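Take a look at the structure set out below.
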Amino acid sequence: GFGYDPVFWVPEYNCASAELSAAVKNSLSHRGQALRSLTDLIKARELH
């Protein structure tokens, strides 16, 4: 994980960020959300 992961508490999971799996971290992270949005946009444009 990252250096600050033990510091950040994730209330939805009742644990620190360091305790989350990579998949869960990606689902919560702004970067993961942005990548999913970009992927959806690209797919939508390919259909037109």
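Sequential numbering from 10 applies to the sequence shown in our numbering.
We put the beta carbon where it would ideally sit given N, CA and C, even for glycine.
Keep in mind that this is a model prediction, so the values were computed, not measured.
Per DSSP, the continuous alpha helix (DSSP H) segment holding G41 begins and ends at H39 to L56. By the neighbour-count definition (other C-beta atoms within 10 Å, threshold 16), L44 is an exposed residue. With contacts defined as CB atoms closer than 8 Å, W18 and A25 qualify as a contacting pair. Per the coordinates, the alpha-carbon of A31 lies some 16 Å from the alpha-carbon of E21. Collapsing the DSSP output to three states places V16 in coil.
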